[in-house]
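A.B. asks: When you line the sequence shown up against our numbering, it's residues 13 to 143, in that order.
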Amino acid sequence: MEIFALQSIAGGFLDEDLKNFNKVFDDWCVQFESVEDAQYILDTLEESEQIKIVEITPLSYPKYFFPKLQGIIHATREYEGKIICIVEPQMGMSFRIAICDLQTKKVRVLSSRYKSSLSVEGAFANLSFDL
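1) In chain order, what are the residue ranges of uninterrupted alpha helix (DSSP H) at least 4 long that sit wholly in the stretch 58-91?
2) Please return the same chain residues whose Cβ sits closer than 6 Å to the Cβ of residue 76, not counting the five positions on each side in sequence.
3) What does residue 55 pair with, by DSSP beta-bridge criteria?
4) How many angstroms separate the CA atom of residue 67 from the CA atom of residue 15?
5) Could you tell me if residue 91 is buried or exposed, where buried requires 16 or more neighbouring beta carbons within 10 angstroms of its beta carbon?
6) How big is the Cα-Cα spacing for residue 35 and residue 22?
7) Residue 19 bridges to which residues according to DSSP?
Encoded structure:
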């Protein structure tokens, strides 16, 4: 599944009105099935040099593909058909690891809590937990 979007160099995604940019990629953003379609629309926009075409994937934007995934995503990794995320449920809370299944679209947050980014990154890098 390929999805392409138009993103401002400031970071927002082009809204369906083709004028405003949303901070978060969601269903209200313009989506394209091919780079060519995105380029066609980009060529018609004013200040097109301020906008780039980006591919939206489960690895780059997991919250779009897994709506039940909540919190701040700090890192993602694909492993054995699953997207593994470092999640901070709310700012200042302990970090958690979430496992998102691409086939079932289910999200499982592991019970382990990590106080620092270094400790969660160690577990994340070594995949020292059960999938």
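Using N, Cα and C, we set each Cβ at its ideal position, and we do this for glycine too.
C.D. replies: Concretely, from the data shown:
1) 74-77
2) 37
3) BP columns for residue 55 are empty, so no partner.
4) 6 Å
5) exposed
6) 9 Å
7) 25 and 64
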